[in-house]
Every structure is written in C-alpha cells, then in structure tokens.
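Quick note, this note's numbering runs 10 ahead of the 1-based positions in the sequence shown.
Where is the CB? At the ideal position from N, CA and C, for every residue including glycine.
Have a look at the structure below, then the notes.
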Amino acid sequence: MRLLIIRHGEPIYNPDTLTEKGKKEAKILASFLKKNFPEIKDFYLSPLGRAQETAKPILEAFGKEGTTFPWLREFGPFPGYVRVTIPSTYGCWDYLPEDLDTEKELLTENWREVPRVKESLIPATYKEVCDGLDSLLETYGYKRKSTYYEVTKQSHDTICLVCHFGVESVILSHLMNCSPWVFLQGSISDPTSFTYIITEERRKGIASFRLQQFGDISHLREAGEEPSFSGRYVECFDDEGRH
C-alpha cells in the first residue's frame, strides 16, 4: 500500500484560502500527479478551506470526488480553530530551539509526560489523528497492532491525503513510531509538497510503513515555479524575511 500526503498550497490564513501563487501551485501539482501518479485510487481531505481549494484542481484532473475527514484539519493557536495546542502564541511546530532544549523529553517516547503537553489538548488531538488514520488504513486491509500493522488483505492501492504540515507530522510520527516533535521541529514540507510512504511486508501478514520521499517539490522545480517560503524562517538571522 502507498500513502501520498500533500500539504496545501501557499495560504492566506485569514480568511482561510490560497494566495494566487497557491492556486497556481495547486494546478501545477494536479498536472504532475495525473502524469506521475495516475494510480491514485482515493482522495481524503481536510475540511479547511486552503486544503479544499488545493484539492479542487487535483480532483478535477482525476475526475474523482474526495472524502473529507475532520481529523485531517490542522491544529493551532489561530482564532476560530476547534483545536488548540500549547497555551502560547505559537503552534507546536514553532518552539524556539532554546525552549525545546529545556524540555528535551519532547523528542523522546515520553513526550506526552512533559507538563506543558500533559495539561493541554495535544495528547487528545494526537490520538484523534492517529485513530482516524488507523480506521482508514483498516478499510484497506492494514490493522494497527502495537507498532506495526496486521495485514488482513494485501493491497497495492495508493491513497492521497490533502492536509497540513502539523497533521502530516503527527501521521509520520505515528507510522514511524517516534515523537511528533521530531518532524514538527526537524522538518518542513513546503506548500503543495508531497510525501510518499510505502508498506513493507517482510514477513507474511506483518507490515510496516516506510518513508520513501519527504516534502517533494519536483513539480514546482520542473515548472520553474519558486517554492513558497510559507512555514519556514530565515536561513540566517540578518536575512530579510520571517523571523
């Protein structure tokens, strides 16, 4: 089985939509996916506007309809959001390195026990995403068993999730069996980037998921479209841009 996780295009968070560049990125991605991943069987979408708008040209290119799942929506400190993360002005992907250094357990299997996390909605939100993903995978024949999946029906299906960086980080941490902060703090997927995950069944009936491509933006480079900086910070502090 294969999973394709797509981050939405360059966003305008308020209102929840895409910039003109984001709309262009989504159209480029749609053409690329139709050409390079024609085997995609099903599409699952976040209910938020920027993800729905990103998915629109993709679904049109494939002549398919998508299924929207609430558990694929992003979480963060933004006004009007159903979910919240830490009680601060930053999302859990925006910890400063020196702050993270004081809570090193966030990078370990004990991340849920960090007081700031334990007292927040993060564990419940994390479980909601993981439970939603596992319920979906079970319909394709992959049932979660501890840290691996029992194969009840072998599948070569490819499914596509159009969502957000934070949710993608949670999904990857669940499939890779590690703290979500490894991805939240140690990676970034640019707008309309795609992440490709495959199953391996080295023993009959026992499968694991393996990350093959992360944050791929080859479709933008092929089209000569500059990747969006959304979600990143300046490379050097004296550079102009987001600090």
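query, result
"Within 8 Å, strictly: CB atoms of GLN223 and THR205", "yes"
"Where THR77 falls, given that 16 or more other Cβ within 10 Å makes a residue buried", "exposed"
"Outcome for THR99 when other beta-carbon atoms lying within 10 angstroms are tallied against a minimum of 16", "In this prediction, THR99 has a pLDDT of 37, which is less than 50 and means its spatial position is unreliable; nothing more can be read from the coordinates."
"Distance CB(LEU171)-CB(LEU13) smaller than 8 Å", "yes"
"Three-state secondary structure (DSSP) of SER218", "strand"
"Residue burial classification, ARG212 (beta-carbon count within 10 angstroms, cutoff 16)", "exposed"
"Any alpha helix (DSSP H) of 4 or more consecutive residues that is wholly inside the stretch 41-95", "59-72"
"Rounded separation between ILE169 and ASP52 - CA only", "5 Å"
"Spatially closest choice to GLU157 from MET186, GLU138 and SER179, by CA coordinates", "Reading off the sequence shown, one finds Thr at residue 157, where the question assumed Glu. Nearest option by C-alpha distance: MET186."
"Beta strand (DSSP E) segments (min. 3 residues) lying fully within the stretch 109-177", "152-155, 158-161 and 168-173"
"Endpoints, the beta strand (DSSP E) within which LEU14 is located", "12-17"
"Assigned secondary structure, PRO21 (DSSP; H/G/I helix, E/B strand, else coil)", "strand"
"Cα-Cα separation between GLU30 and ILE132, rounded to whole angstroms", "33 Å"
"Backbone secondary structure at ARG252 - three-state DSSP", "coil"
"Reference ASP167; option with closest CA among ASP109, ARG231, GLU49 and GLU84", "GLU49"
"Bridge partner(s) assigned by DSSP for LEU28", "PRO21"
"Residue interval of the beta strand (DSSP E) (run including ARG212)", "204-213"
"Residue from CYS102, ASP104, VAL124 and GLU119 with nearest C-alpha to THR112", "VAL124"
"Beta bridge counterpart(s) of ASP226 as assigned by DSSP", "PHE204"
"Cβ neighbour criterion (16 or more within 10 Å) applied to CYS173", "buried"
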